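Worksheet: one structure, shown below.
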Amino acid sequence: MEEDSKKTHTINVTSCSVCKGACCHHCLHAMSLNPIGLPKVHSYSNLLIDCDLPDRSSKDSLRPYASPIERTMHAGEKVSGPNVIVMVGLPARGKTYIAKKLTRYLNWIGIKAKTFNLGEYRRQAVHGYQNHDFFREDNQEAMRIREQVAKEALCDAFRWFDKEGGDVAIYDATNTTRQRRNFIRENCLPRGINIFFVESVCNDPEIVKKNVLDVKLNGPDYKDLAPTTEEALEDFVKRIRHYEDTYEPLDEQRDADLSFIRIHDAGKKYLVNRPGGHIQSRVVYFLMNIHITARTIYLTRHGESENNLTGVLGGDCDLSDRGMEYAERLGKFVEQENIPGLHVWTSQLKRTIQTAQFIDAPKEKWKCLNEIHAGICEELTYAEIQELYPVEFSNRDTDKFHYRYPGGESYEDVVARLEPVIIELERQNNVLVIGHQAILRCLIGYFLNKPPEDLPYQEIPLHTVVKLTPRAYGCDMVLIPLNVKAVDT
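Residue numbering for the sequence shown follows numbering that gives the first Met the number 0, starting at 0 and increasing by one per position.
Below is the structure:
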């Protein structure tokens with residue numbers, strides 16, 4: 000018996016002839032290679048997870064979908080309680096990209112969410128990636144491993160609900176067969192867990208090709224194999240075909256009583272069926288406002304202002320001379336970047352509007368991009384706040400994220416009012432946001448998936464452009480200083 004440091008449970012298998020004792024499926028000794036190079040687990044049917052999920056090792060043991068009456072009773076009935084969001088679709092359809100975006104968004108708005116990616120479980124089980132043969136339906140050894148990791152990931156989700164009070168578990172896998180989706184439903188519904196399916200369907204060959212080249216071939220399965228692009232591409236295309244052979248899409252008639260959304264061709268069309276409760280409605284709202292195609296988001300603080308020079312908080316002042324120089328430099332930077340379809344967003348305060356004046360692109364002013372309001376501390380310096388309001392000054396240092404200025408706002412309040420900006424950023428292509436320090440801290444925190452308590456402490460220097468490039472497994476960030484001197488604030 001061996002306890003996996005990354006899991007909270009114990010995995011038991013039969014004795015291993017190499018270890019001379021019990022092994023888990025993460026141990027190389029528990030595996031040998033068959034003639035075609037696929038991992039083979041000794042006595043895999045005896046590999047048991049300490050979880051009360053029913054045994055689904057046999058395809059015949061799965062009963063059919065519940066009757067229409069049973070499904071009507073279950074689907075969308077509970078509006079409270081935990082939710083499992085089940086991704087559905089062929090490889091290279093943007094499922095992991097969507098899952099990570101959704102997880103980040105839900106956590107950002109205060110709904111505790113976590114992604115359980117079966118690819119990660121599979122790579123742990125077989126110590127990396129083999130080749131496309133692993134995904135053949137007639138590969139019985141591989142199928143047993145895939146069924147076991149599916150069970151293990153679902154068990155981990157249930158434990159996360161119970162022990163950490165999670166709200167939404169995103170079950171990120173292909174889940175392309177009714178057998179797999181039935182397995183998930185049979186284990187969630189008796190536990191009072193709501194289920195919502197998110198199917199990504201893409202028949203546009205250009206989008207699929209771009210996803211394969213940009214995402215999968217640079218993803219964790221292929222990164223350590225160092226094959227040529229052609230070899231990796233050929234292997235992955237064969238892998239997709241194995242899934243196509245068994246793919247059973249959600250059906251509007253047969254699955255009419257399920258809660259699901261189907262996304263066609265990266266957001267060109269949507270089908271929404273029976274979303275149940277507040278969380279599923281928020282999920283639908285978010286998913287209908289995102290796309291999975293490539294784009295870049297640029298962020299910058301306004302140029303140095305007169306209040307920056309004196310250390311005064313807030314207000315609606317003009318740029319300093321150096322701030323105006325930065326505005327001119329920013330206009331030239333945007334021209335040199337030649338960003339297609341760029342839109343520029345500013346707050347309604349003069350210093351951001353003045354910073355945007357030399358940029359030749361459509362501009363839009365957002366009230367919700369205004370700087371955090373300091374209430375009674377507006378237009379005071381920190382030294383003056385410490386002298387006039389020593390208790391408030393101390394409270395702010397204690398919990399900067401939740402602290403609310405009397406008559407003003409907290410970072411938590413700013414996060415709430417920025418939600419429309421986040422949704423619109425997810426909808427748009429290339430955008431430049433010219434904002435304020437607290438605002439950009441929150442926006443960067445969202446895209447980099449920072450915990451709330453870290454948002455107020457991110458450094459965003461003046462006269463610097465932040466370039467964000469969202470990707471399937473995260474978001475790349477590059478800082479581009481435009482070499483105009485400014486105060487450090």
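Where a beta carbon is used, it is the ideal one built from N, C-alpha and C, also for glycine.
Because the structure is a prediction, the values reported are computed rather than measured.
For C441, the uninterrupted alpha helix (DSSP H) run begins and ends at 436 to 446, by DSSP.
Here DSSP, grouped into helix, strand and coil, assigns F259 to strand. According to DSSP, residue pairing for R470 in a beta bridge involves G473. Closest in alpha carbon position to P469, among S393, I192, Y221, H290, is H290.
Secondary structure note for R300: its beta strand (DSSP E) is the uninterrupted segment 296 to 300. The C-beta distance from I371 to E425 rounds to 23 Å, too long to meet the 8 Å contact threshold.
Selection R294, A382, G302 evaluated against I459 yields G302 as nearest (Cα-Cα). With respect to R300, G434 sits close: the two C-beta atoms are nearer than 8 Å.
With contacts defined by Cβ atoms closer than 8 Å, E378 and G310 do not form a contacting pair. F392 is positioned such that its CB atom lies no closer than 8 Å to that of E452.
Short of 6 Å from the beta carbon of T175, and not among the five residues preceding or following it, lie these beta carbons of its own chain, in chain order: Y242, Y246.
Comparing alpha-carbon positions, the option among K362, I443, E198, E119 lying closest to L298 turns out to be I443. Scanning its chain for C-beta atoms nearer than 6 Å, with the 5 sequence neighbours on each side dropped, one finds around Y410 the residues F400, L454, P455, in chain order. If only complete runs of 3 or more residues are kept, the stretch 136 to 214 shows the beta strand (DSSP E) at 167 to 171, 193 to 200, in order along the chain.
For E119, the enclosing alpha helix (DSSP H) starts and ends at 117 to 125. Here T309 carries a helix assignment [DSSP, helix/strand/coil]. Between A112 and D166, the C-beta gap is smaller than 8 Å, which places the two residues in contact. Looking at the backbone, the Cα of R281 and that of A382 are separated by about 43 Å. Judged by their CB atoms, I260 and V197 are nearer to each other than the 8 Å cut-off. Taking the C-beta atoms as reference points, G93 is found nearer than 8 Å to A265. A direct Cα-Cα distance of roughly 34 Å separates R350 from L286. Fully contained in the stretch 383 to 424 is no beta strand (DSSP E) run of length 3 or more.
Under the three-state reduction of DSSP, H372 is assigned to coil, being neither helix nor strand. A293 has its alpha-carbon roughly 13 Å from the corresponding atom of E205. If the five residues before and after R403 are omitted, its C-beta is found closer than 6 Å to the C-beta atoms of S409, all from its own chain and listed in chain order. Membership of N482 in any beta strand (DSSP E) is not indicated, and neither H nor E is assigned to it by DSSP.
In the structure shown, the three-state DSSP call for I289 is coil. E233 is classed as exposed because its beta carbon has fewer than 16 other beta carbons within 10 Å across all chains shown. Shown here, H277 sits in a helix according to DSSP, grouped into three states.
Taking a 10 Å sphere around the C-beta of I479, we find fewer than 16 other C-beta atoms and assign the residue as exposed.
Comparing alpha carbon positions, the residue from R145, G164, A168 closest to Q178 is R145. The stretch 178 to 194 and the stretch 149 to 156 touch, with three or more beta-carbon pairs separated by less than 8 Å.
Counting of Cβ neighbours within 10 angstroms places R240 among the exposed residues, the total staying below 16.
Less than 8 Å divides the Cβ of S346 from the Cβ of K364. Residue environment analysis places N193 among the buried positions, since at least 16 neighbouring C-beta atoms fall within 10 angstroms of its C-beta. Under DSSP, E363 shares a beta bridge with W344.
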